[in-house]
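In the UniProt record's numbering, the protein residues as written are 1 to 271.
Taking it in order: structure first as structure tokens, then the write-up.
As structure tokens, then:
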């Protein structure tokens, strides 16, 4: 295995924007994911490889590996390996072998789920939940606005407000939360034009209605067991933007640029 590996914890849509950029720049990236990812924007999330064995985002293929020994072959094929390892147990193994250059926590859980500075020579946390200089070396701001993607060397990102960013002039109304607890059964599909009040899915026997009219930008995977109140779908009010369902967002691309800047400014070059 390459001795300049960039490990990314999390493979959701924002993480995938970072991973895609790093891969295109020539870095060898290894994704660590949980057993049941809950991505909403699934068409641009490498974590879907957990369910489907492979996932493609803008021409880059991610492939699930069953063991670390499979990663070299996947990299040699020009692909990105993903391992189901929510606790990051393989990080210690790779560190003992001197093969980790960077660890990026891109889980975006709004809190630190266990990442520490000691896990890699260089550590980066995306969004709130990390303190630069204590938990990680750097934090990258993920809140939309003037400071989006700002590199923080001391202190924390802006705390989670619970209010979604504005898209097409709409904020919290565009995000749909589960009206019940149970297994979700989808009716509408990503990129469908939906009307306000239209049934998008059922959680158990409870219907999930579209909160606004627009493009269904994302919806959690069919068959996922969701608790009451969990974010399960996202609607873009701009009907003409269907293509955005299948491409990396401006927010993810912006954050990705800052991550690459951190690596280069610290002398960590591609393979």
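Even for Gly, the Cβ is constructed at its ideal location relative to N, Cα and C.
None of these values were measured; they are calculated from a predicted model.
Per-residue burial, residue i [other beta carbons within 10 Å of its own, 16 or more giving buried]
{"i": "residue 97", "result": "exposed"}
{"i": "residue 193", "result": "exposed"}
{"i": "residue 77", "result": "exposed"}
{"i": "residue 134", "result": "exposed"}
{"i": "residue 264", "result": "exposed"}
{"i": "residue 171", "result": "exposed"}
{"i": "residue 224", "result": "buried"}
{"i": "residue 221", "result": "buried"}
{"i": "residue 234", "result": "buried"}
{"i": "residue 279", "result": "This structure does not reach residue 279, given that the chain is present from 1 up to 271, and the question cannot be answered."}
{"i": "residue 205", "result": "exposed"}
{"i": "residue 199", "result": "exposed"}
Residue span of the alpha helix (DSSP H) that contains residue i, given as start and end
{"i": "residue 74", "result": "71-76"}
{"i": "residue 47", "result": "Taken as a continuous stretch (DSSP letters only), residue 47 belongs to no alpha helix (DSSP H), as it is neither H nor E."}
{"i": "residue 24", "result": "13-24"}
{"i": "residue 245", "result": "No alpha helix (DSSP H) holds residue 245; DSSP gives it neither H nor E."}
{"i": "residue 251", "result": "250-265"}
Segment limits, beta strand (DSSP E) that includes residue i
{"i": "residue 122", "result": "122-126"}
{"i": "residue 8", "result": "5-9"}
{"i": "residue 33", "result": "29-33"}
{"i": "residue 94", "result": "Here residue 94 belongs to no beta strand (DSSP E); instead the alpha helix (DSSP H) covers 89-96."}
Residue i and residue j closer than 7 Å at C-beta
{"i": "residue 236", "j": "residue 218", "result": "no"}
{"i": "residue 104", "j": "residue 113", "result": "no"}
{"i": "residue 49", "j": "residue 64", "result": "yes"}
{"i": "residue 82", "j": "residue 151", "result": "no"}
{"i": "residue 211", "j": "residue 176", "result": "yes"}
{"i": "residue 33", "j": "residue 84", "result": "yes"}
{"i": "residue 62", "j": "residue 260", "result": "no"}
{"i": "residue 68", "j": "residue 47", "result": "no"}
{"i": "residue 51", "j": "residue 270", "result": "no"}
{"i": "residue 137", "j": "residue 126", "result": "no"}
{"i": "residue 203", "j": "residue 180", "result": "yes"}
{"i": "residue 149", "j": "residue 255", "result": "yes"}
{"i": "residue 80", "j": "residue 29", "result": "yes"}
{"i": "residue 86", "j": "residue 110", "result": "no"}
{"i": "residue 252", "j": "residue 22", "result": "no"}
{"i": "residue 132", "j": "residue 153", "result": "yes"}
{"i": "residue 124", "j": "residue 178", "result": "no"}
Cross-strand partners of residue i (DSSP beta bridge)
{"i": "residue 81", "result": "63"}
{"i": "residue 113", "result": "In the DSSP output, where bridge partners are listed per residue, residue 113 has none listed."}
{"i": "residue 231", "result": "177"}
Could you tell me whether the region 130-146 touches the region 176-196, using the rule of 3 or more Cβ pairs below 8 Å?
-> No contact exists between the region 130-146 and the region 176-196.
Quick check: the region 237-245 against the region 190-209, are there 3 or more CB pairs under 8 Å?
-> Of all C-beta pairs linking the region 237-245 to the region 190-209, three or more are shorter than 8 Å, placing the two stretches in contact.
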